Structure formats: C-alpha cells, structure tokens
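A.B. asks: Chains as they are written, first to last, in our numbering: chain D, -12 to 458; chain H, 52 to 392. A virtual CB, placed ideally from N, CA and C, is assigned to each residue, including glycine. Quick caveat, the model's predicted, so the values are computed rather than measured. I have a structure here, written as structure tokens, and I will follow up with some questions on it.
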Amino acid sequence: MAVLEVRGVSKSFGSVQALENVSLDLRPGEVHAILGENGAGKSTLVGILAGFLVPDSGTVEFQGVEIRYGHPTEVREAGLRIVHQHFMLVPQFTIAENIALGNLRRWENPYQCAAVSEASDLAERLGWGLDLESRVDQLSVGSLQRVEILRALIGGGSVLVLDEPTAVLTAEEASELLAFVRARRDEGMTVVLVTHKLREVFDVADRATVLRQGRLVATFDLSCTEPDVLAEAMVGGPVPMASGTLRAAGEEIVRIEELIVESDRGSPAVRGIGLSLRSCEVLAIGGVDGNGQVELAEALVGIRRSSSGSIQVSGRSIAYIPQDRQTDGLVLEMSIAENILLGQSLREWTRFGILRMRQVLEWAQSLMRRFDVRAESAIVPAGALSGGNQQKVVVARNLHRVPDLLVAVNPTRGLDLRAEAAVRKAILECAAQGAAVLLLSTDHDEIEALGDRVMYMESGRLVDRLVGSTL
Amino acid sequence: MRVHVRILASFALLIGALILTLLVFRVPIGEGLRLIGQGAIFTEAGWTRSAVRSTPLVFVGLGMAVAWRAGMYNIGGEGQYVLGGLAGAASVSALGTAATWSPAVPILAACAGGGLLAGLAGVLQVWRGIPVVISTILLNFMVLPLQEWLLQGPLQEAKGQIPQTDRLPDSAMLARFDPRFDLHAGVFIAVAAVLAMAVFLYRTPAGFRLRVVGLGPRAARAHGISGDRVRVWAMVLSGSLCGLAGGVDLTGLTGYLGTGFDQGWGFMGIPVALLGALDPVGVFLAAVYFGVLVAGCENLARFADVGSPIVYVVQAVAVLVAVGLQHWRFAPKGRAEVELG
Ligand SMILES: Nc1ncnc2c1ncn2[C@@H]1O[C@H](COP(=O)(O)OP(=O)(O)OP(=O)(O)O)[C@@H](O)[C@H]1O
Ligand SMILES: [Mg+2]
C-alpha cells in the first residue's frame, strides 16, 4: 500500500523535458531519498507533489485520492507537507507571522495562535535558537531554512517532503534534523528527502530513487546498496575529488583590525574581528550560519558599513559569492547573460556608450560551457534554472578570471557532487594563481578540504575551534 | 515578442467590448463604429488626430515605465506634464527673443521642469523615506495652484483678461504639415523617444543598472550599484519625459497655456505603461491604442449625441479588456503555476 503514488508523470518547460514518464511509490513509514545531478528534475517533481506545478501527463495519488493541481493549500491540509528548495516566506513579516500564515484556524488571532507556540516548542526541541519576532528579511539563509522546516513540521501531516533542507546547515544542525526525521519516521510518517549529500542518504533513508535528465534511473533499496553504486547512478561516472596543491602565501591582501559591524537589526553582528589574509591563501571560516559571517563578508567587499575598526584591502579586483543566490546573487527575471554581466566592469563591455550585448551573449555562452551551466541558451531567465545551475551562474560570474580577493559564502550550496568538486577545484586554482580567498561555509568538509587555515565564527568573534554543543 | 502579441489580441477583444459599450449607450452599432473609425483612422483628419492624441501618451507612458522599472511608483505624471508646459511657457516669456529662435528652448525647459519636480519626489523618498506614490500625487495638487497663480500673474497674456498665456511666437512652435490638421513634428519626437528609451533600457550601462535596481534591489546592492542614486535619476528621467509631453503639446498643439491645458494625459500614462508591460515598444503600441480610442470617441461624442462621458467609459473598458487579457494569458486553464527554480 503506497501513501503517495506517482504514475507516469511528465513535465516540460518549453523545449526542456524536466520530467519524463516518472513513476514512484512511497510506502508508509519510509524515508525515501531523491537523488540526481543539478537539473535532473528533483524540484520539478517536488513542485508537482505540492500541487504547484501542473504535469503535462501522468497522475499523483495521495492516500488514494488524485491531487488537484493549482490548490497547494488543499494538498497541505490533506497532510502533505513540503519544504521547497528556495524559500517561500514573506520577507517583510516576522518569523511568527510567517508561521501563522497558512496555519491559522478560523478566527484565530495571528499573534497568539497555536501554530506559533507549537513552532517555538519544536524549535526548542531541535535546539534551534530562533527569535520568532525577527523579520525574515534580516535572517541568514540558515535561519530561513530552519523557519521553512518548522513551518512544514507543525500540525502533523503524514508525508513530509524536504527539498535540499540541509544545503545551508552545518553537519551538526543537519544531523539534528535528520535525527528528528528518523523519529518521525518511526512514528509512521513518510519522508521524501532531496539531497546531494550521500552521507545523509545512508544515514536516514530506506530507499533512494535516482533521476537523471528527467528520467528515473532506478530505485534502490539502501540496505543492500554501496555508496559508489549510487554515486555512479547519479552522475554516471566516478566523481573527481578536489585537492589543493602546495602553495606559499604571498603578500598581504586583506588586513582587518578590531572590526565591528552591525546587522540589519542594528545589533552588532561582528564583534571585534582581526585577521590578515595573504594572496595564494585560503582562509576558511566555519560555524553555524547567522553568527556574523554575512556581515563580515559584506563589510569586506564594501557593501556594508562597519561601525568601527579598519579594513584594508590592497587588491583591486574583488569577487563575491553571496549567501543567497536568489536575492543577492541573481536577478531571477533577467537572462543568464545579463546576470553574468552584473558584477563585471560594464565599461569593458561598452562601446560608444552602448553595451555590446552580442559579445556579452557569446561570452556568457562560453562561460556556461566552462562551468557546466545546463540551460538552452544564455537568454534564458535565471529564474528558470534549477537551483544548482543558478548557483553555477553565480560562481561563473566570479571565477571566470582570477580576482585579487575572493569572498565566498557557501559557494557550493545546492551543487551536485560533480559540480561541487569542480567549484572547489576552481577556488583552489584561483588561490594557486594568486588570489586571496576568504571562504565562509557551513559545510565542515568544505572548510577542511579547502582551508589553508581554518577558523570558526561564533557570536561575531573568530575562534580556533567551536566549543560546547554547537560542535 | 509576447507583449506585442498581447496588444494585438487585445485590439480584437476591444472591438467586441466597444460594441457592447455602444449598445449600452444606445448608439446604433454600425453608425457608432463608423464614427469612431472615421474619427480615428479612416480619414486624414482622423488618423492625424489619433497621432496627435497618442503623442503625449507615448511620452508619459515612457516616463512611467522608466520610473516603475526602477521600482519608483511615480503617479504624478499629471503634475509633471503641467509643470513642463508651464516651464516651457515661462522660458519663452522670460527669455524673450533669445528663447524663440527654436522650439527646442521651451521643450528643453519643459523637460527640466518635469524632471525637477519628479526628481524632488525621488530625493524625498531616498533621503527621508517618503514614498513617491504619495509625494508625486501630492505634488500634483501643488502644481495646480501654481498654474493658477502663474496664469493670473507673471505668465498672463498681455491683455490681462483671461487666465492664459499669450500665444507663443511662430518661431517657437513645432512645424505643422498641413494647416487643416493638428499633426505636428512632435510625433517624430515621440517615435525618437521610443527608440531612445529602448536603447537606453536594454543597451546602455545606465539602463542595465536601472533594471537591476528595480528587479533585484538586493542583487544591485551586492554588486556595488547605488540603488538610491539610480532611483533618483530614474525619477528625473521619468519627470523629464512627462514634462516633454507638456512641452510638445504646448509648442505643437495648443500654442498657449490656459486652464484647460491639463487633459488627463498624465494619469492615462499609467495604464499605457502597464498595458505596454513597461517596455518602450509596448508603450508605443499601447499609446497608439489609447490615442486612437480617444480620437474616435471624440468624434463619436461630437456627432452621435451621447455626450463626452463615453470617452471615459471606453477608456475604462479598454483598460479592463487589457487587464483581463493578461490573466487569460498567464493562467490558460484557470490554474496558477509558480516558479520554483
Ligand atoms: N520555471 C521553469 N521554466 C523553465 N525551465 C524550468 C523551470 N523550472 C525548472 N526548469 C528546468 O527543468 C529542469 C529541471 O529543474 P529542477 O529544478 O527540477 O532540477 P533539480 O533536480 O531540482 O536541480 P537542482 O539540484 O539544481 O536543484 C532544469 O533543466 C530547469 O532548467
Ligand atoms: Mg532543485
């Protein structure tokens, strides 16, 4: 008996076949992983389950009833809970207001509703420190992710679908979440987990379905499957590992002293940081998201004012990979080519006051090939790309040539194994060719793999290692 | 281009809606359509009138589009239009013969007048947080008494009887092509403005930044684009275009500025811009669409004994048709799809 049955679902966007004749059934009380490289169609499948996207053909049955498309609330009320890959929160609302939204019973006061108190209990149980009164547009992506998950978890539900929920969480936060998922599974809930992290799959999942280019490759029973087999099925070959070459640090590019930076909320987020960064050096900073990493990065690249202290940057070209590709990184309505142009020196691409769009387009196409951005052409709007491919556009824009300073926040967020390895390699190559790299990441492996020096950020300060419960 | 298909399709729907309106006003359909067609398209007087009516709509529509694209909801086209006209008239009266060697002087003065007014609203928003939606509409109300005062004081005609300016000297007027009709060289300025704005928005660094600020303010900030500066300049440009509309009407059509100068073009620019999807060529087509309707209905109102309200009714119907069409296009089966990325 399947709780959720997907039968022969196909979906295309223009000439892109995002899903082709995919069939899948979910058993009650299982954790089912959905795997596949960037653009394989995972989020499209999730969108169809949510009742958001209308398939071209095929059906989805939830508890024996066919889903009505275009009615996401109906799906939700039936007990199918979805956490989308990209955030679906009202930025101007507080966390509490966002949680109340869609969870209110009739006539309930949004400021004193059951949903919010349940969410705050749950947050406590998961050990997630969230101030429910803070505005969503002032949160780090890690906190946003936690809010989205909370929102889906409250009020029960029998199926939980999580689209890359751990992409911006630290390993510790992720394992707390996964432990929670396991506990829910044992209570009989069915969980669908989309992820690129094989370790998580083997940690919690019972079965895994692999998609490749919109087609279902196979569904594996994980009790009798080797990780290599799964990786091979996902990307169709072994994955190269990024490894650094030995480099000697060069001259000093960045010197920060006694830096204090305020967050959008006006409270100090960076509280007295001093650091020095040399060319050819990768300084990797880990830690739970929301401890001042973004404020440090923004102050360093010059888009956030510091309240005291000094920052000296001697490099001329600064590349910046921001934390949130969809708001800070890209303009979703604009084409890939225009998005790549954003952040270049416009003067270089201008002749007689006119942008040379033809050249920009050709150049963007070549970058797309080089960074393996999967899209029909460079005039496709960035919003039509899969999450991982959006991330690749942001990376391509910044790493196409070696900058003097690269500031990267979670640069491999949402990338599949192969793309992740490629980006890590590109970052190391930049460093080898003279860039100073400040890498801020919640991914422990990434920090260890790339950093010449590793530090952690905690409550706005840099520490050599994290103490206590956070690590 | 989808935008253009949409506008063409709305033409077809509009004919249907027009017929319904005529039925409601008890105008015989054949007769009514004939009057509209003659008054707007099929006679020399008709199409020239349509062109002349479309001209200010093109300018104001472009002006709205530019501001809205930067996320600045300028709705003060009316005040900017009138102030443009006033600045044009004032430049001629103040500079005398120096200003009358060419219509370029009053027209540029008109641009400056509108640009300053809208720029002021822009500065108020980025500096003090007063939304332009509010300040521009309030500034509209400040232009009206200014106009009244100027027309009874400094700019009043030499005879001093009616609250209106003297006629501009011929040298300060735009060229006309046929003394029987109102068609003037401002039409070419309008076409040039459309092309210039299309190039500006899609092919210049400044236009690129403007679109980025409007669509992705946070992305703009992350890439070192000063949103505030872009927003203020977008308002200045927007106001200049609305002022230009006033200047061109003054030097091309009316030749003087009286209390009836304000014909509501400034407000109609908003549906024009929206219907044109904030795209210069779209705005051009939408302006022609409204211009033709206005010209046709003027003729209808004059000869069919229905009174001038029909002009506004048809405009409203036209907007509704356009809006309805948009929904029809976006959700073909009445179902909403959301992009998930
Ligand atoms: N709204 C859209 N318009 C056009 N194409 C789209 C749209 N949404 C998705 N696509 C395309 O469908 C394909 C599948 O996208 P999807 O988002 O499902 O990938 P994914 O497996 O979730 O990848 P990722 O791991 O990068 O998130 C991609 O080629 C993408 O470009
Ligand atoms: Mg996805």
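For chain H, check one thing: does any of its Cβ atoms lie closer than 8 Å to the Cβ of Glu135/D?
C.D. replies: What you label residue 135/D is simply residue 148 of the first sequence in a count that begins at 1. For Glu135/D, the answer is no, since every Cβ of chain H falls outside 8 Å of its Cβ.
A.B. asks: Measuring CA to CA, which of Arg(-6)/D, Glu282/D, Ala236/D and Ser2/D is closest to Leu13/D?
C.D. replies: Taking the first residue of the first sequence as position 1, residue 13/D is located at position 26. Considering only alpha carbons, the answer is Arg(-6)/D.
A.B. asks: With a Cβ-Cβ cutoff of 8 Å, do Val250/H and Val264/H count as a contact?
C.D. replies: Looking up residue 250/H in the second sequence gives position 199. Looking up residue 264/H in the second sequence gives position 213. No, the Cβ-Cβ distance between Val250/H and Val264/H is not below 8 Å.
A.B. asks: Taking contact to mean 3 or more Cβ pairs, one atom from each stretch, closer than 8 Å, check whether the region 83 to 102 of chain D and the region 35 to 54 of chain D are in contact.
C.D. replies: Contact between the region 83 to 102 of chain D and the region 35 to 54 of chain D is absent, because fewer than three Cβ pairs lie under 8 Å.
A.B. asks: For Leu266/H, return the contacting residues in chain D, with the cut-off set at a CB-CB distance below 9 Å.
C.D. replies: Mapped onto the second sequence, residue 266/H falls at position 215. In chain order: Val318, Leu319, Glu320 and Met321.
A.B. asks: Can you tell which of Ser10/D, Ser2/D and Ser(-3)/D has its C-alpha closest to the C-alpha of Ala(-11)/D?
C.D. replies: Counted from its first residue, the first sequence places residue -11/D at position 2. Among Ser10/D, Ser2/D and Ser(-3)/D, the Cα nearest to that of Ala(-11)/D belongs to Ser10/D.
A.B. asks: Give the DSSP-derived three-state secondary structure of Val52/D in the structure shown.
C.D. replies: Here residue 52/D refers to the residue found at position 65 of the first sequence. Residue state, collapsed to three classes: strand.
A.B. asks: Would you identify the three-state DSSP class for Glu325/D, choosing helix, strand or coil?
C.D. replies: To locate residue 325/D, count along the first sequence from 1; it is residue 338. It is helical.
A.B. asks: Using DSSP with H/G/I as helix, E/B as strand and the rest coil, what is Ile272/D?
C.D. replies: The residue given as residue 272/D occupies position 285 in the first sequence. Strand.
A.B. asks: With DSSP as the reference, label His235/H as helix, strand or coil.
C.D. replies: Position 184 of the second sequence, counted from the first residue, corresponds to residue 235/H. His235/H falls in the strand class under three-state DSSP.
A.B. asks: Specify the secondary structure class of Ala256/D as computed by DSSP and reduced to three states.
C.D. replies: Along the first sequence, one-based indexing puts residue 256/D at 269. Strand.
A.B. asks: Cβ closer than 8 Å: which chain D residues qualify as neighbours of Ala328/H?
C.D. replies: Along the second sequence, one-based indexing puts residue 328/H at 277. Per Cβ cutoff of 8 Å: no residues; Ala328/H is ~12 Å from chain D at best.
A.B. asks: Taking the alpha helix (DSSP H) that Val287/H belongs to, which residues open and close that run?
C.D. replies: Residue numbering aside, residue 287/H sits at position 236 when the second sequence is read from its first letter. Gly278 to Val299 is the extent of the alpha helix (DSSP H) around Val287/H.
A.B. asks: Let me know if Pro182/H comes out buried or exposed under the rule of 16 or more other beta-carbons within 10 Å of its beta-carbon.
C.D. replies: For this step, residue 182/H is matched to residue 131 along the second sequence. Answer is exposed; the Cβ neighbour count stays below 16.
A.B. asks: When you compare each of Phe259/H, Ala367/H, Leu351/H and Leu167/H to Gly330/D by their alpha carbons, which one comes out closest?
C.D. replies: By 1-based counting over the first sequence, the position of residue 330/D is 343. Closest option to Gly330/D, Cα to Cα, is Phe259/H.
A.B. asks: Do Gln79/D and Asp150/D come within 8 Å of each other at the CB atom, strictly closer than that value?
C.D. replies: To locate residue 150/D, count along the first sequence from 1; it is residue 163. To locate residue 79/D, count along the first sequence from 1; it is residue 92. The answer is no: Cβ separation not under 8 Å.
A.B. asks: Would you kindly check if the distance between the Cβ of Gln378/D and the Cβ of Met402/D is under 8 Å?
C.D. replies: Locating residue 402/D in the first sequence gives position 415, counting from the first residue. Locating residue 378/D in the first sequence gives position 391, counting from the first residue. Residue 402/D is actually Leu in this sequence, not Met. Their beta carbons are under 8 Å apart, which means Leu402/D touches Gln378/D by this criterion.
A.B. asks: Do you know offhand how far Arg388/D's Cα is from Ala413/D's?
C.D. replies: In the first sequence, counting from the first residue as 1, residue 388/D sits at position 401. In the first sequence, counting from the first residue as 1, residue 413/D sits at position 426. Going from the Cα of Arg388/D to the Cα of Ala413/D covers about 10 Å.
A.B. asks: Report the option in Gly67/H, Phe110/H and Leu73/H whose CA atom is closest to the CA atom of Met248/H.
C.D. replies: Within the second sequence, the letter at position 197 stands for residue 248/H. Ranking the options by Cα distance to Met248/H, first place goes to Phe110/H.
A.B. asks: Can you say whether Cys211/D is buried or exposed, counting buried as having 16 or more other CB atoms within 10 angstroms of its CB?
C.D. replies: Taking the first residue of the first sequence as position 1, residue 211/D is located at position 224. Looking at its Cβ environment, which holds fewer than 16 other Cβ atoms inside 10 Å, Cys211/D is exposed.
A.B. asks: Which of the three DSSP states is assigned to Gly385/H in this structure?
C.D. replies: In the second sequence, counting from the first residue as 1, residue 385/H sits at position 334. Its pLDDT being 37, under 50, Gly385/H is placed unreliably in this model, and the value from its coordinates should be taken loosely. Three-state DSSP puts Gly385/H in coil, outside helix and strand.
A.B. asks: Could you check whether the Cβ of Ser30/D sits closer than 7 Å to any heavy atom belonging to ligand 2?
C.D. replies: Here residue 30/D is taken as the residue at index 43 of the first sequence, counted from 1. Answer for Ser30/D: yes, Cβ within range of ligand 2.
A.B. asks: When you compare each of Thr182/D, His183/D and Gly143/D to Arg172/D by their alpha carbons, which one comes out closest?
C.D. replies: Taking the first sequence and counting its residues from 1, one reaches residue 172/D at position 185. Checking every option, the nearest Cα to that of Arg172/D belongs to Gly143/D.
A.B. asks: Is Gly374/D a contact residue of ligand 4, with contact defined as CB to any heavy atom under 7 Å?
C.D. replies: In the structure on display, ligand 4 does not appear, and the ligands it does have are ligand 1 and ligand 2.
A.B. asks: Given Val103/D, which residues of its chain have a CB within under 7 Å of its CB, disregarding the five upstream and five downstream residues?
C.D. replies: Counting from 1 along the first sequence, the entry for residue 103/D is found at position 116. The answer, listed in chain order, is Ala83, Ile86, Ala87 and Leu119.
A.B. asks: Around the C-beta of Lys(-2)/D, are 16 or more other C-beta atoms found within 10 angstroms, so that it is buried, or is it exposed?
C.D. replies: Sequence index remark: in the first sequence, residue -2/D carries index 11 (1-based). Buried.
A.B. asks: Would you say Arg361/D touches ligand 1, meaning its beta carbon is less than 7 Å from a heavy atom?
C.D. replies: By one-based count along the first sequence, residue 361/D stands at place 374. Under cutoff, so the answer is yes.
A.B. asks: Less than 7 Å separating the Cβ of Ala27/D from some heavy atom of ligand 1?
C.D. replies: On the first sequence, residue 27/D is found 40 positions in, with the first residue counted as 1. Ala27/D Cβ: within cutoff of ligand 1.
A.B. asks: Which value, in whole angstroms, describes the spacing of the CA atoms of Arg265/D and Met75/D?
C.D. replies: By one-based count along the first sequence, residue 265/D stands at place 278. By one-based count along the first sequence, residue 75/D stands at place 88. If you take the alpha carbons of Arg265/D and Met75/D, they lie about 39 Å apart.
A.B. asks: Leu108/H and Ala328/H - do their beta-carbons sit closer together than 8 Å?
C.D. replies: As a working mapping, residue 328/H is identified with position 277 in the second sequence. As a working mapping, residue 108/H is identified with position 57 in the second sequence. No, these two residues do not count as a Cβ contact at 8 Å.
A.B. asks: Go to Gly379/D, then tell me how far its alpha helix (DSSP H) extends in each direction, as first and last residue.
C.D. replies: Taking the first sequence and counting its residues from 1, the one referred to as residue 379/D is at position 392. In the sequence as displayed, the identity of residue 379/D is Lys instead of Gly. Gly374 to Leu386 is the extent of the alpha helix (DSSP H) around Lys379/D.
A.B. asks: Please confirm if Pro395/H has its CB atom under 8 Å from at least one CB of chain D.
C.D. replies: This structure leaves residue 395/H out entirely; chain H is present only between 52 and 392.
A.B. asks: Can you name the residues of chain B whose CB is closer than 8 Å to the CB of Ile341/D?
C.D. replies: You won't find chain B in this structure, because its protein chains are D and H.
A.B. asks: Taking the alpha carbon of Val188/D as the reference point, which residue from Ser162/D, Asn397/D and Gly273/D has its own alpha carbon closest?
C.D. replies: Position 201 of the first sequence, counting from 1, holds the residue named residue 188/D. Of the candidates Ser162/D, Asn397/D and Gly273/D, the one whose C-alpha sits nearest the C-alpha of Val188/D is Ser162/D.
A.B. asks: Answer with yes or no whether the minimum CB distance from Gly297/H to chain D is below 8 Å.
C.D. replies: Stepping through the second sequence from its first residue, residue 297/H is reached at position 246. Cβ-Cβ to chain D under 8 Å: no for Gly297/H.
A.B. asks: Specify the secondary structure class of Pro157/H as computed by DSSP and reduced to three states.
C.D. replies: Looking up residue 157/H in the second sequence gives position 106. Helix.
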